[in-house]
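Going by numbering that gives the first Met the number 0, 195 is the number at position 196 of the sequence shown; the sequence numbering is gapless.
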Amino acid sequence: MNTYLQIHPSDNVLVALQDIPAGTNISFNGQDIQLQQNISAKHKFLINDIDGNAPITMYGVLVGKSTRPLKKGESITTDNIIHDANAFHEKDGAIQWQAPDISKWKDATFMGYQREDGQVGTRNYWLVIPLVFCENRNVGMIKTAFEKGLGFAPAEVYNEQVQDLVSLYKSGNIDAVKQYEAGNVTETAKRNVIFPNIDGIKFLTHEGGCGGTRQDSDALCALLAGYIHHSNVAGATILSLGCQHAQVSILQEALKKLNPQFNKPVLVYEQQKSASEFAMLSAAIKDTFLALIEANKQPRQPSPLSKLVIGLECGGSDGFSGISANPAVGHTSDLLVALGGTSILSEFPELCGVEQELINRCVTEEISDKFIRIMRAYETQAQSVGSGFYMNPSPGNIKDGLITDAIKSAGAAKKGGTSPVTDVLDYTEYVTKPGLNLLCTPGNDVESTSAEVGSGANIVLFTTGLGTPTGNPIAPVVKLATNTKLATRMKDIIDINTGTIISGEHSIAEMGEQILDYVIKAASGEVHTKAEQLNQDDFIPWKRGVSL
Numbered sequence: 000m001n002t003y004l005q006i007h008p009s010d011n012v013l014v015a016l017q018d019i020p021a022g023t024n025i026s027f028n029g030q031d032i033q034l035q036q037n038i039s040a041k042h043k044f045l046i047n048d049i050d051g052n053a054p055i056t057m058y059g060v061l062v063g064k065s066t067r068p069l070k071k072g073e074s075i076t077t078d079n080i081i082h083d084a085n086a087f088h089e090k091d092g093a094i095q096w097q098a099p100d101i102s103k104w105k106d107a108t109f110m111g112y113q114r115e116d117g118q119v120g121t122r123n124y125w126l127v128i129p130l131v132f133c134e135n136r137n138v139g140m141i142k143t144a145f146e147k148g149l150g151f152a153p154a155e156v157y158n159e160q161v162q163d164l165v166s167l168y169k170s171g172n173i174d175a176v177k178q179y180e181a182g183n184v185t186e187t188a189k190r191n192v193i194f195p196n197i198d199g200i201k202f203l204t205h206e207g208g209c210g211g212t213r214q215d216s217d218a219l220c221a222l223l224a225g226y227i228h229h230s231n232v233a234g235a236t237i238l239s240l241g242c243q244h245a246q247v248s249i250l251q252e253a254l255k256k257l258n259p260q261f262n263k264p265v266l267v268y269e270q271q272k273s274a275s276e277f278a279m280l281s282a283a284i285k286d287t288f289l290a291l292i293e294a295n296k297q298p299r300q301p302s303p304l305s306k307l308v309i310g311l312e313c314g315g316s317d318g319f320s321g322i323s324a325n326p327a328v329g330h331t332s333d334l335l336v337a338l339g340g341t342s343i344l345s346e347f348p349e350l351c352g353v354e355q356e357l358i359n360r361c362v363t364e365e366i367s368d369k370f371i372r373i374m375r376a377y378e379t380q381a382q383s384v385g386s387g388f389y390m391n392p393s394p395g396n397i398k399d400g401l402i403t404d405a406i407k408s409a410g411a412a413k414k415g416g417t418s419p420v421t422d423v424l425d426y427t428e429y430v431t432k433p434g435l436n437l438l439c440t441p442g443n444d445v446e447s448t449s450a451e452v453g454s455g456a457n458i459v460l461f462t463t464g465l466g467t468p469t470g471n472p473i474a475p476v477v478k479l480a481t482n483t484k485l486a487t488r489m490k491d492i493i494d495i496n497t498g499t500i501i502s503g504e505h506s507i508a509e510m511g512e513q514i515l516d517y518v519i520k521a522a523s524g525e526v527h528t529k530a531e532q533l534n535q536d537d538f539i540p541w542k543r544g545v546s547l
């Protein structure tokens, strides 16, 4: 295994692939570099001496500038460099894309749920949604009833632990309480024999719908409409209080905007028009059960890979993200695009510094102009509240080598592969064009994943270097570790280890192909992701301008 890597020939830093002690002599391009400090794996050190205010280049792009003169072999840190990135402007180039070889998957299909509108789902869910947070409790009542009644309830392993401890305490055996060790439990995705063609009922509780701006409520309704319209959803039960900003009529208009011929069953119950809470919930439960009978009649069928829509997401990123998991996922995206499928790259604050490349990859000036307009408006909005994209990296990112937003962004953008950008979507807009789509979301993991699925992603590839359990209520989230240590330590949440790229066991292309093979199995329901097994149903609508 190599001890260091130059990502791009024009970079003036090297990435440590393992811990390297101070004083070590590195031979690079005919010169000797003596390390000035201990360099931890994932961190970077300089190839040459540089002056103060000099550019730092990684991935072939500007990612920062020095705050003082620095010596070759010196580690770059938040103490000696600050964020800097190239400016961007109108489209000034055209992409010449060489699609990867897809002959292996020429006749491949996945087993999906074919909808009347032409979409194909990777799962078959029924949704129960409150239009306002006031109805969260009632949604919880329906959740308990259906999950226990139909067998979707997760195993109560922690309740059992408490019961064990109570029993020991009652017997007066305090020493046994202190020595108690719970047994490991492997979760499996729950299925039931009553409705075998339904993967579950999902409940999208949230804290919105009223009390904020009307724009917040409109955006919430548009996002919820995307979930109801989604290929993985058979229909929905809606609970409304009645007086809130997020009115049923707004949701209905959003659904018609997505599909003028929308005909999925949507059951609506308004508490302020009901005889009682008991009457409303009883009616909702009975009607939903009848709707499940119909939804269960939909079987999986062989479907072309072109019907897959993959969300490209990252969270808990580290210094290996941009050289292992992200480019591997990018190759998977390129393979899918070449097969006629669709991928969605989001997290606009994490595209800072690589905007021009993406602009030039847009297939038309109209699409690139939209990207420029949204990016500039988002950055301006962030600055208006005393923030900016430069504040995006988290303490965990910085600790593991992503010390400026541009470094983080240059690696994060690798998830989008190399294919042309066929469309740019603002938040809550639904994907309609095959190919690589750019979707405006914050960098927040859950807000971004929630948005990608709301825009049509029927499976999500989620890379992580530090480990994050993020999932989604209706779309399988495949978790990919950037390094083998993480994959070994947190195997309960990791589905695929791309750390073998770092160790030299696999190439980026080989790993990208393996990921696509896994996607096909997951899309067909042959395997369930760790997030699904753990019932990790994260859903957070974005209040625009509040988060990066």
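Yeah, the Cβ is synthetic: ideal placement off N, Cα and C, and Gly gets one too. Fair warning: this is a prediction, and the values are worked out from it, not measured in the lab.
{"Asked": "Delimiting residues of the beta strand (DSSP E) encompassing aspartate 57", "Found": "The residue you asked about is not aspartate; residue 57 is methionine in the sequence shown. Here the beta strand (DSSP E) through methionine 57 covers 54-57."}
{"Asked": "Inter-residue spacing [alpha-carbon to alpha-carbon] between asparagine 158 and leucine 164", "Found": "10 Å"}
{"Asked": "Neighbour-count burial assignment, cysteine 242, 16 or more Cβ in a 10 Å radius", "Found": "exposed"}
{"Asked": "Glutamate 346 burial status per 10 Å Cβ neighbour count (16 or more: buried)", "Found": "buried"}
{"Asked": "Burial state of glutamate 504, where buried means 16 or more other Cβ atoms lie within 10 Å", "Found": "exposed"}
{"Asked": "Residues near glutamine 260 by beta carbon distance below 7 Å, same chain, minus five either side", "Found": "none"}
{"Asked": "Nearest to glycine 310 (by Cα), restricted to the options Glu446, Asn123, Gly524 and Asp31", "Found": "Glu446"}
{"Asked": "Identified DSSP bridge partners for alanine 480", "Found": "Thr463 and Asn496"}
{"Asked": "According to DSSP, residues forming a beta bridge with tryptophan 96", "Found": "Paired residues: none, contrary to the question."}
{"Asked": "Span of the beta strand (DSSP E) around asparagine 24", "Found": "24-27"}
{"Asked": "Neighbourhood of asparagine 37 by C-beta, 6 Å cutoff - its chain only, sequence neighbours within 5 removed", "Found": "Pro20 and Ala21"}
{"Asked": "Local Cβ density within 10 Å of alanine 635, reported as buried at 16 or more and exposed below that", "Found": "Outside the displayed span of the chain (0 to 547) sits residue 635, for which this structure offers no information."}
{"Asked": "Contact set for glycine 455: own chain, Cβ-Cβ below 6 Å, skip 5 residues either direction", "Found": "Val308, Tyr429 and Val430"}
{"Asked": "Limits of the unbroken alpha helix (DSSP H) element including lysine 142", "Found": "135-149"}
{"Asked": "Alpha-carbon spacing of lysine 432 relative to leucine 424, whole angstroms", "Found": "10 Å"}
{"Asked": "Same chain, Cβ closer than 6 Å to histidine 263, neighbours up to 5 away in sequence not counted", "Found": "Note that residue 263 is lysine in the sequence shown here, rather than histidine. Around lysine 263: Gly234."}
{"Asked": "Endpoints, beta strand (DSSP E) assigned at glutamine 5", "Found": "From DSSP, glutamine 5 is part of no beta strand (DSSP E); its letter is neither H nor E."}
{"Asked": "For glutamine 113, the three-state DSSP class (helix, strand or coil)", "Found": "strand"}
{"Asked": "Glycine 63, buried or exposed, once every other Cβ within 10 Å from all chains shown has been counted against 16", "Found": "buried"}
{"Asked": "Aspartate 78 versus glycine 72 - alpha carbon distance", "Found": "16 Å"}
{"Asked": "Residue from Val12, Gln113 and Ala486 whose Cα sits closest to the Cα of asparagine 295", "Found": "Gln113"}
{"Asked": "Cβ shell of valine 473 (< 7 Å), same chain only, five flanking positions each side left out", "Found": "Residue identity check: residue 473 is isoleucine in the sequence provided, not valine. Result list for isoleucine 473: Arg122, Tyr124, Lys201, Tyr226, His229, Asn231, Val232 and Val452, in chain order."}
{"Asked": "Burial state of threonine 212 (16 or more Cβ within 10 Å)", "Found": "exposed"}
{"Asked": "Buried or exposed by the 16-neighbour rule on C-beta atoms within 10 Å, applied to valine 192", "Found": "exposed"}
{"Asked": "Identity of the residue in Asn1, Lys414, Asn24 and Ala521 nearest serine 320 by Cα", "Found": "Lys414"}
{"Asked": "Alanine 278 and leucine 250 closer than 7 Å at C-beta", "Found": "no"}
{"Asked": "Closest residue to glutamine 95 among Ser418, Val518 and Gly466 (Cα-Cα distance)", "Found": "Ser418"}
{"Asked": "Sheet register partners of glycine 310 (DSSP bridge)", "Found": "Ile343 and Val459"}
{"Asked": "Per-residue DSSP class, three states only, for aspartate 444", "Found": "helix"}
{"Asked": "For aspartate 404, the three-state DSSP class (helix, strand or coil)", "Found": "helix"}
{"Asked": "Segments of 3+ residues assigned as beta strand (DSSP E) that fall wholly inside the stretch 252-299", "Found": "265-269"}
{"Asked": "Length at least 4, wholly inside the stretch 152-228: the alpha helix (DSSP H) runs in chain order", "Found": "156-169, 173-178 and 213-228"}
{"Asked": "Simplified DSSP state of leucine 250, which is helix, strand or coil", "Found": "helix"}
{"Asked": "Residue nearest to threonine 438 in terms of C-alpha spacing, selected from Thr467, Lys478 and Leu357", "Found": "Residue identity differs from the one stated: residue 438 is leucine in this sequence, not threonine. Minimum Cα distance to leucine 438 is reached at Leu357."}
{"Asked": "Terminal residues of the alpha helix (DSSP H) in which proline 304 lies", "Found": "Reading off the sequence shown, one finds leucine at residue 304, where the question assumed proline. From DSSP, leucine 304 is part of no alpha helix (DSSP H); its letter is neither H nor E."}
{"Asked": "Beta-carbon proximity of aspartate 491 to valine 477, cut-off 7 Å", "Found": "no"}
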